[in-house]
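Numbering (our numbering), first residue to last: 9 to 100.
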């Protein structure tokens, strides 16, 4: 899309953490990742993309989401698609 138009954006790592009602300190305790590193991941998506898979998996497990949800957002998850299909089938 030209002209700076925006498409619906996915949730950021910070938004995913807040949605789970966790502080950076709590997420740090659950994952073993320092608060400073988590803050960097939340602020700079490039740093998050370069993180080791083990760290991403730890974050995902602590937030009860998949690693894919971190990068693509929950709206693309299997259960959301299945729910949408069931709703459409019900309405038909």
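C-beta: ideal position from N, C-alpha, C; glycine also.
Decide if residue i is buried, meaning its Cβ has at least 16 other Cβ atoms within 10 Å, or exposed.
i: residue 49; result: buried
i: residue 58; result: exposed
Counting only the same chain and skipping the five closest in sequence on each side, list residues whose C-beta sits under 8 Å from that of residue i.
i: residue 65; result: 75
i: residue 32; result: 25, 43, 46, 47, 50
i: residue 30; result: 38, 70, 71
Roughly how many angstroms separate the alpha carbons of residue i and residue j, rounded to a whole number?
i: residue 34; j: residue 54; result: 23 Å
i: residue 87; j: residue 61; result: Confidence in residue 87 is poor, its pLDDT being 48 and thus under 50, which makes the residue's placement too unreliable to answer from.
i: residue 77; j: residue 20; result: 10 Å
Looking only at its own chain, which residues have a Cβ that is under 7 Å from the Cβ of residue i, when we skip the five neighbours before and after it?
i: residue 38; result: 70
i: residue 22; result: 50
Measuring alpha carbon to alpha carbon, tell me which residue in the options is nearest residue i.
i: residue 41; options: 68, 28, 79, 27; result: 68
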